[in-house]
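Asks:
Residue numbers (my numbering): 21 to 289.
(1) Cα separation between residue 21 and residue 101?
(2) What does the Cβ neighbour count give for residue 49, buried or exposed, with the cut at 16 atoms within 10 Å?
(3) Residue 286 by DSSP, collapsed to three states: which one?
(4) With a threshold of 6 Å on Cβ separation, who are the neighbours of residue 72 within its own chain once the five nearest residues in sequence on each side are excluded?
(5) Can you tell me the Cα-Cα spacing of residue 186 and residue 39, whole angstroms?
(6) Need the endpoints of the beta strand (DSSP E) that residue 96 sits in, please.
(7) Tell me the start and end of each unbroken beta strand (DSSP E) in the segment 135-180 that is at least 3 residues and wholly inside, in chain order.
(8) Considering only the alpha carbon of each residue, which of 114, 189 and 91 lies closest to residue 147?
(9) State buried or exposed for residue 65, treating a residue as buried only when at least 16 other CB atoms are found within 10 Å of its CB.
(10) Could one say the Cβ of residue 177 lies closer than 7 Å to chain B's Cβ atoms, at least one of them?
In C-alpha cells form, the structure reads like this:
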C-alpha cells in the first residue's frame, strides 16, 4: 500500500509555531548551538517505496534562522507497486532570513525508482545553504533509478534549474568517464547569500572530482563525485567552510553539535 505524507515546518524569530509530520516523516525540535531553531527529521518507517508520495515544506519567515538536518540517510527501496516514488521538497526563505538545509544522504537501492524535486523561493536578502548527496546503490549492488531536479528562484526570478538522472532508464552515459567515471557518491552544495553581490564567488577546481561554479546571481554551486559517502561529505564540508568564511563581514561559524551519523556518512567536524 502506497503512502502519502507531508511534513511542515514554519520558523519565525520567536520559534517554531508549526512543526508537523505524517507517516514516515517525523520532524523533531532539537538543540541549536547558535541563533535560531533547529529541526531534525526522523524516519518513522521505511520510505520512500514505489508509489509513495512524500513532501516536506519549510518556511523561514522574515528575520528567522533555521537549520534542518536528518537523523539518518533516506533509502529509496523497491516495492511491489509498479510506480515510481515521489519526494517533493518546498522551501521558502523570507527577507533577512537564513536556512541551512542539510539532510543526510539519499541512497538509491537496487530496483527502486525515485523522482525527487526540490523547489526554493528566496527573498532578495535571504541566505541559503543547501546540500544534496546521492549514493547510487548500497554496498556491492547496482543503483536504482533516480531522477532529481533542483529549482531555485530569488526575488521571483530563476537562479538555478538543474536536473540529474542516474541508473536504469537514465540517458546513456550517466556512468561513463565524462560523468561519474565509476564513482557512486555524488553531491551538490548550493550557497546563496547577499554578501556575494559585494564579493562574487570565483570559479575553482576543488581537487580532481569537484568544482565550484558561480551563479548568475549572488551564489555558488559546488558539484562533487567521490567513491564513497565519507569522502563526499568531507569535500562538501570543506567547500562550505571556504564559502562562508569568504562572506564579507561574516564571522566563522561552528558546525552544529550532536548531528547523528547517517548510513555511511561522516559526522560534522
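Cβ atoms here follow ideal geometry from the backbone N, Cα and C, with glycine treated the same way.
Replies: Taking the structure as given:
(1) Position 1 of the chain shown, counting from 1, holds the residue named residue 21. Position 81 of the chain shown, counting from 1, holds the residue named residue 101. Approximately 8 Å, taken between the alpha carbons.
(2) Counted from its first residue, the chain shown places residue 49 at position 29. That one is exposed.
(3) Numbered from 1 along the chain shown, position 266 holds the residue referred to as residue 286. Its pLDDT being 32, under 50, residue 286 is placed unreliably by the model, and the measurement read from it follows with that caveat. Three-state result, residue 286: coil.
(4) Taking the chain shown and counting its residues from 1, one reaches residue 72 at position 52. Within the same chain, residue 72 has close Cβ partners 22, 23 and 105.
(5) Residue mapping note: residue 186 aligns to position 166 of the chain shown, counting from 1. Residue mapping note: residue 39 aligns to position 19 of the chain shown, counting from 1. If I take the Cα positions, the gap works out to 33 Å.
(6) In the chain shown, counting from the first residue as 1, residue 96 sits at position 76. Its beta strand (DSSP E) spans residues 94-96.
(7) 147-156 and 165-174
(8) Locating residue 147 in the chain shown gives position 127, counting from the first residue. It is 114.
(9) If you number the chain shown from 1, residue 65 lands on position 45. Under this definition residue 65 is an exposed residue.
(10) In the displayed structure, chain B is absent; only one protein chain is listed.
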